[in-house]
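Trainee: For the record, in the sequence shown the residue sitting at position 80 is 111 according to our numbering, with numbers rising by one throughout.
Note that CB positions come from ideal geometry on N, CA and C, so glycine has one too.
If you're wondering where the values come from, they're calculated on a predicted model, not measured in any experiment.
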Amino acid sequence: MNCNFQQNSDELKKKGNIIILGNFDGVHKGHMTIFQNAITRAKEKDYNTVVYTFREYPQKKSTKITTPSEKVELIDEAGIDYIYLDEFEDVRNYSPEEFVEKVLVNTLNVKEIYCGFNFTFGKNKSGNIKVLDDIIRDKYNNSILINVQSPVLDSENDIISSTRIREYIEKTDFNKITELLGHNFIIMGEVIHGKKLGRTLGFPTANLEFDNKVYPDFGVYGVYVHIEGDDKLYHGVMSIGENPTIKGHGLSVETHIFDFNHDIYGKIIMVEVLEKISNQIKLNSINELIKKINVDAIIWKKRIEEKYHDTSKNR
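1) Is it a yes or a no for the region 83-102 touching the region 49-56, going by three-plus beta-carbon pairs under 8 angstroms?
2) Taking only runs that begin and end inside the region 107-133, name each unbroken alpha helix (DSSP H) of 4 or more residues, in chain order.
3) What is the DSSP secondary structure of Asp56, reduced to helix, strand or coil?
4) In the DSSP output, which residue or residues are listed as bridge partners for Thr286?
5) Any chance you could list the alpha helix (DSSP H) runs of at least 4 consecutive residues sitting entirely within the region 166-213, in chain order?
6) Bridge partners for Asp261 per DSSP, in chain order?
7) Use the C-beta contact count for Lys142: other C-beta atoms within 10 angstroms, 16 or more gives buried, fewer gives exposed.
8) Return the bridge partner residues of Lys307 from the DSSP annotation.
9) Please report how far the alpha carbon of Met269 lies from the alpha carbon of Asn238, in whole angstroms.
10) So which of Val131, Asn137, Thr94 has the shortest CA-CA distance to Glu42?
11) From Pro127 to Asn292, what does the alpha carbon distance come to, in whole angstroms?
12) Quick check on Thr84: does DSSP put it in helix, strand or coil?
13) Would you kindly report the start and end of the unbroken alpha helix (DSSP H) that includes Lys347?
14) With DSSP as the reference, label Lys142 as helix, strand or coil.
15) On the three-state DSSP scale, how would you describe Asn79?
16) Is the distance from the Cβ of Asn79 to the Cβ of Tyr115 below 8 angstroms?
17) Going by beta-carbon coordinates alone, are Ile50 and Leu135 separated by less than 8 angstroms?
18) Check Val245 in the structure and name its three-state DSSP category.
19) Given this structure, state the Cα-to-Cα distance separating Tyr296 from Gly250, to the nearest angstrom.
20) In terms of residue numbering, what span does the beta strand (DSSP E) encompassing Ile217 cover?
21) Can at least three beta-carbon pairs, one atom from the region 67-81 and one from the region 189-196, be found at a separation below 8 angstroms?
22) Counting Cβ pairs, one atom from each stretch, are 3 or more of them under 8 angstroms apart for the region 203-214 and the region 169-181?
23) I'd like the list of long-range same chain contacts for Gly153, defined as Cβ closer than 7 angstroms, with 5 residues on each side in sequence excluded.
24) Going by Cα to Cα distance, which pick from Tyr199, Asn172, Phe150, Leu212 is closest to Met63?
25) Taking the Cβ atom as the reference point for each residue, do His266 and Phe289 lie within a distance shorter than 8 angstroms?
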């Protein structure tokens with residue numbers, strides 16, 4: 032996949048492109064349906080598939096389901112040819128007509144458009160599907176096809192949306208989260224140096240920055256772990272939040288990877304969150320903390336044997 036052609040949009044003019052428009056926070060089942068329909072059509076027409084989205088979207092950072100790098104990873108896995116990450120500030124004042132002309136036509140060489148039923152664009156979200164259809168008809172003589180994805184429903188016939196997924200993340204309902212996303216909730220980032228407390232306690236951890244995104248409740252979770260440059264799928268337990276037993280510990284995301292003790296500082300890891308094991312609680316001593324970590328690890332290893340023993344799983 033090739034990401035971000037802001038400085039090399041000529042590459043996208045070599046043949047026609049299907050442009051897929053949206054924010055795609057979470058890259059959920061509704062988004063994936065749009066992607067797969069676009070990919071099928073692109074193969075028929077010998078077009079490229081290009082996801083057009085923003086590097087940062089004007090929403091409260093703490094409400095993001097996926098960071099920009101997580102979003103790119105998931106879109107890449109979907110089989111999209113190109114991602115064009117634009118800067119919102121560069122286009123926020125474009126009228127709908129300017130957006131179509133300057134971005135879709137002149138920059139992206141659009142032949143067909145794929146988007147969701149509730150897609151909006153242009154200054155102050157002044158453009159919608161009807162406005163887009165009118166522009167294509169009046170200015171481009173219907174030469175650009177528009178394909179609008181109808182709502183995708185879950186098992187209870189409710190519309191799948193990023194808003195609903197955020198609510199389930201806050202409730203830590205991972206069965207429902209996975210159903211709506213179509214994949215596990217992920218946390219991805221570069222392994223950084225921490226206080227090495229876990230190693231001292233006998234449980235070395237891979238530490239990630241506490242990013243600006245929505246997290247489930249503070250606690251301990253059972254996870255899959257993918258490590259950059261390593262094809263093996265690992266099991267582990269992840270702690271999200273503070274460690275109230277240790278003063279000055281601060282907010283953190285720490286993952287203890289089972290049967291792994293290699294230096295991975297600076298590498299990117301992706302953690303798939305599967306289930307909650309326990310809540311975050313304050314203990315009276317370091318010994319009690321060690322005991323709790325042991326219990327959480329034992330509980331999760333038992334769950335692995337019951338449900339997650341197949342480590343041949345690849346993303």
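Mentor: Answer, in terms of the structure:
1) yes
2) 119-122
3) coil
4) Within the DSSP bridge table, the entry for Thr286 names Ala237, Met269 as partners.
5) 193-202, 205-212
6) Ile258, per the DSSP bridge assignment.
7) buried
8) Tyr252
9) 10 angstroms
10) Closest by C-alpha distance to Glu42, out of Val131, Asn137, Thr94, is Asn137.
11) 54 angstroms
12) strand
13) Because the chain in this structure spans residues 32 to 346, residue 347 falls outside the shown range and cannot be described.
14) strand
15) strand
16) no
17) yes
18) The answer is coil: DSSP assigns Val245 none of H, G, I, E or B.
19) Taking the Cα positions, Tyr296 is about 24 angstroms away from Gly250.
20) Here the beta strand (DSSP E) through Ile217 covers 216-221.
21) no
22) no
23) Tyr125, Ser126, Pro127, Phe130
24) Ranking Tyr199, Asn172, Phe150, Leu212 by Cα distance to Met63 puts Leu212 first.
25) Yes.
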